[in-house]
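One line per chain: the protein sequences are A, G, Y and R, in this order.
1 is the number of the first residue of the first sequence in this note's numbering; add one for each residue after it.
101 is the number of the first residue of the second sequence in this note's numbering; add one for each residue after it.
201 is the number of the first residue of the third sequence in this note's numbering; add one for each residue after it.
301 is the number of the first residue of the fourth sequence in this note's numbering; add one for each residue after it.
Glycine included, every Cβ here is placed at the ideal spot set by N, Cα and C.
Computed from a predicted structure; not experimentally measured.
The structure appears right after this line, and notes come after that.
4 protein chains.
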Amino acid sequence: MPERRKLSEAEIATAVKKLKGWKVVGGKLHKEFKFADFVGAFGFMTSAALIAEGMNHHPEWSNVYNKLVIDLSTHSEGGITGLDVELAGKLEKIGSPG
Amino acid sequence: MPERRKLSEAEIATAVKKLKGWKVVGGKLHKEFKFADFVGAFGFMTSAALIAEGMNHHPEWSNVYNKLVIDLSTHSEGGITGLDVELAGKLEKIGSPG
Amino acid sequence: MPERRKLSEAEIATAVKKLKGWKVVGGKLHKEFKFADFVGAFGFMTSAALIAEGMNHHPEWSNVYNKLVIDLSTHSEGGITGLDVELAGKLEKIGSPG
Amino acid sequence: MPERRKLSEAEIATAVKKLKGWKVVGGKLHKEFKFADFVGAFGFMTSAALIAEGMNHHPEWSNVYNKLVIDLSTHSEGGITGLDVELAGKLEKIGSPG
Chain A
1 MPERRKLSEA EIATAVKKLK GWKVVGGKLH KEFKFADFVG AFGFMTSAAL IAEGMNHHPE
61 WSNVYNKLVI DLSTHSEGGI TGLDVELAGK LEKIGSPG
Chain G
101 MPERRKLSEA EIATAVKKLK GWKVVGGKLH KEFKFADFVG AFGFMTSAAL IAEGMNHHPE
161 WSNVYNKLVI DLSTHSEGGI TGLDVELAGK LEKIGSPG
Chain Y
201 MPERRKLSEA EIATAVKKLK GWKVVGGKLH KEFKFADFVG AFGFMTSAAL IAEGMNHHPE
261 WSNVYNKLVI DLSTHSEGGI TGLDVELAGK LEKIGSPG
Chain R
301 MPERRKLSEA EIATAVKKLK GWKVVGGKLH KEFKFADFVG AFGFMTSAAL IAEGMNHHPE
361 WSNVYNKLVI DLSTHSEGGI TGLDVELAGK LEKIGSPG
């Protein structure tokens, strides 16, 4: 069960090390994705939307064609929490088999 | 058939008058949408994605929870074209009957 | 909180009366939807998918162009439960303001 | 450019040989997919929906949780055409890099 508690800088640094391509930008977990085309980008976004709705924890994101930028933070806590780390981890698994 | 030609300021002004809630910001057709919740926002985004793919003309857009910001322009022409006006018009009809 | 308990025929009959266009077919809550086009149908399906994932309770559904058929039941209970009634009710609200 | 012409049995047999997991069932191109979960299934469906809308050629499909069944045929021609073979081929590429 992820914690809805603002993580310390050390905790965030440890978490980010385990996430491929994520870094901290402007106090948020940040990643830039590039897909083959819009079909690839928006299919990923739909899987991500389902995961987010299932967690009741939603991303800030922007898309142009095959590019997607995601920023994760927990507004109510004013920073990065265990929820953000969990959501980032789940996004990494989209498209993997079973 | 919409024109892939950069519209004049006068043409854009005329087109914008017919579009509800759209204005020109930074040389792009711009609108900010607000939905009941993420479910409403992302359902709309999916319909919009289908329309965009059908036109092979895609938006710049960003979303947080129930908010969605869309900017339309035609990169190859360096400005707003008939394609953008047509896409904006089609987005206005999402959710309407028949 | 909806009950994950098989409802009696009387309970189902009462629930169905409050749902527009739903009936019991083959022991499942059943509705046939018709939209303006595929864009309308699949946008609705995406909102429905988000709701279903949020409840961790998923529909049986089939789609061709602008037509969508949804059947709801709870496999683990072998029939229609409060979860199905709740999901049907939430689907009725897709596209409504706030 | 795919042909909107009913293919002969020999043409269909040749086409099916190149498509992984597709066969002819009831006069339609048919495939059954299984994903890790609903998130995987519906993300795929959204990419497929975008491809279909871009071709203006839509599938018959049904989904339950992680299972998806797709049937392709061209109603106006009363059988399997080059459009169906092309759509099946594009669905095979969803999720592949670039």
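For residue 44 of chain A, the uninterrupted alpha helix (DSSP H) segment begins and ends at 38–55. Put simply, the segment 124–142 of chain G does not touch the segment 72–81 of chain A. Fewer than three CB pairs are less than 8 Å apart.
With a 10 Å radius around the Cβ and a threshold of 16 neighbouring Cβ atoms, residue 310 of chain R comes out exposed. Relative to residue 90 of chain A, the option among A:8, A:19, A:6 whose CA is nearest is A:19. At a cut-off of 9 Å between beta-carbon atoms, residue 208 of chain Y makes no contact with chain G.
In the three-state reduction of the DSSP assignment, residue 394 of chain R falls in the coil class. Selection A:25, A:8, A:40 evaluated against residue 60 of chain A yields A:25 as nearest (Cα-Cα). If you draw a 10 Å sphere on the C-beta of residue 347 of chain R, you find 16 or more other C-beta atoms in it, and that means buried. Using a Cβ-Cβ cut-off of 9 Å, residue 121 of chain G does not count as an interface residue toward chain Y, since no Cβ of chain Y sits closer than that to its own. Under the DSSP assignment, residue 360 of chain R falls in the beta strand (DSSP E) whose first and last residues are 360–364. Interface residue (Cβ-Cβ distance to chain R less than 9 Å): residue 95 of chain A is classified as such. The three-state reading of DSSP puts residue 19 of chain A in coil, since its state is none of H, G, I, E or B.
Around the beta-carbon of residue 314 of chain R, fewer than 16 other beta-carbon atoms lie within 10 Å, marking it exposed.
Taking C-alpha positions only, residue 187 of chain G is separated from residue 41 of chain A by approximately 19 Å. Among the CB atoms of chain R, none fall inside 9 Å of the CB of residue 235 of chain Y.
Ranked by Cα distance from residue 264 of chain Y, the options Y:294, Y:237, Y:293, Y:208 are led by Y:237. Short of 8 Å from the beta carbon of residue 51 of chain A, and not among the five residues preceding or following it, lie these beta carbons of its own chain, in chain order: 87, 90, 91, 94. Just so you know, the alpha carbons of residue 385 of chain R and residue 67 of chain A end up roughly 29 Å apart.
Residue contact check for residue 370 of chain R against chain A: no CB pair falls below 9 Å.
Taking 7 Å as the Cβ-Cβ cut-off, the segment 56–86 of chain A approaches chain G at 58, 60, 61, 62, 63, 64, 65, given in chain order.
Cβ-Cβ separation between residue 312 of chain R and residue 380 of chain R: approximately 5 Å, consistent with a contact (criterion under 8 Å). Distance from the CA of residue 105 of chain G to the CA of residue 382 of chain R, rounded to the nearest whole angstrom, comes to 34 Å.
Residue 168 of chain G carries a strand assignment under DSSP once its states are collapsed to helix, strand and coil.
For residue 340 of chain R, the nearest beta carbon of chain G is not closer than 9 Å to its own beta carbon. Proximity of residue 113 of chain G to chain A, defined by a Cβ-Cβ separation below 9 Å, is not satisfied.
By the beta-carbon neighbour count (other beta carbons within 10 angstroms, threshold 16), residue 43 of chain A is buried. If the five residues before and after residue 21 of chain A are omitted, its C-beta is found closer than 7 Å to the C-beta atoms of 31, all from its own chain and listed in chain order.
Distance from the CA of residue 49 of chain A to the CA of residue 57 of chain A, rounded to the nearest whole angstrom, comes to 10 Å. Residue contact with chain R for residue 103 of chain G: absent (no Cβ-Cβ distance below 9 Å to any residue of chain R). Assigned with DSSP and collapsed to three states, residue 103 of chain G falls in coil, not helix or strand.
Beyond the five residues adjoining it in sequence on each side, residue 378 of chain R comes within less than 7 Å, by CB distance, of 306 in the same chain, given in chain order. For residue 232 of chain Y, not one C-beta of chain R is nearer than 9 Å to its own C-beta. Under the three-state reduction of DSSP output, residue 89 of chain A falls in the helix class. Rounded to whole angstroms, residue 54 of chain A and residue 45 of chain A show a C-alpha spacing of 14 Å. Rounded to whole angstroms, the separation of the alpha carbons of residue 333 of chain R and residue 323 of chain R is 13 Å.
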